[in-house]
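See structure below.
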Amino acid sequence: MTSSPLVREAALADLPPAVLYGLLRLRVDVFVVEQECAYPELDGRDLEPTCVHVWAEVDGAPVATLRVLRDADGRGRIGRVATAREFRGAGVAARLMERALELLEGSNVVLDAQAHLQDWYARFGFVPQGDVFSEDGIPHVTMVRTA
């Protein structure tokens, strides 16, 4: 790492085009290319007025990202948690999760975790709800965190 990751956040309308491109590129690199899942990564939820993108960057380039949403039932939702391979295990995604939970303070929060990451999300107070299910060929489990 050339410098310590800087955590940033912004609504879609406030993202400079090059930053938005970098965030979407990182998500596609991780979810579509690395995990070999052909699926509609651009699902429309980035356009929701309550969506906040949270990311970490090093030397101006995104190295980890997630998005914070509000579901129709009022619960907060964290999704699209992705970290560039070379920054995994360095605590960058944990910093983003902590910021996301600050943004959703006082709310129940839900996420659909890849099943092998259940223990990682449990560190933040999430507990599994329901059975493991397949999403795009990858085992997932819904996890919730009560306010």
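Add 946 to the 1-based position in the sequence shown for the numbering used here, that's all there is to it. Ideal Cβ positions, reconstructed from N, Cα and C, are used throughout, including at glycine. Small disclaimer: the values here were computed from a predicted structure and weren't measured.
Sheet register partners of residue i (DSSP bridge)
i     : result
V1038 : V1038 pairs with nothing; no bridge assigned.
L1012 : V1000
A1061 : Answer is none; A1061 lacks a bridge partner.
R954  : W1001
G1025 : R1013
M1089 : L1057 and P1074
Residue i burial status per 10 Å Cβ neighbour count (16 or more: buried)
i     : result
G990  : exposed
R1034 : exposed
Y985  : exposed
A1046 : buried
E1048 : exposed
Cβ neighbours of residue i in the same chain (closer than 8 Å, five flanking residues each side left out)
i     : result
L1042 : V953, V1000, W1001, A1002, A1010, T1011, L1012 and V1027
H1086 : D1058, A1059, Q1060, A1061, V1078, F1079 and S1080
G1076 : V1087 and T1088
L958  : L966, D992, L993, C997 and H999
A1007 : G968
Sequence-distant residues of the same chain with beta carbon closer than 6 Å to residue i, five excluded per side
i     : result
E955  : V998 and V1000
V1056 : R1021, R1023 and V1090
N1054 : R1021, T1092 and A1093
Own chain partners of residue i with C-beta closer than 7 Å, once the 5 adjacent residues on each side are dropped
i    : result
D960 : none
R973 : E987, T1011, R1026 and A1028
is_contact[residue i, chain C] using C-beta, thresh 8 Å
i    : result
G990 : Among the chains of the structure shown, chain C does not appear; only one protein chain is present.
Whole-angstrom distance between residue j and residue i, CA atom to CA atom
i     : j     : result
E1081 : L1050 : 25 Å
D1058 : A1036 : 22 Å
G1052 : R1031 : 32 Å
V1073 : E980  : 27 Å
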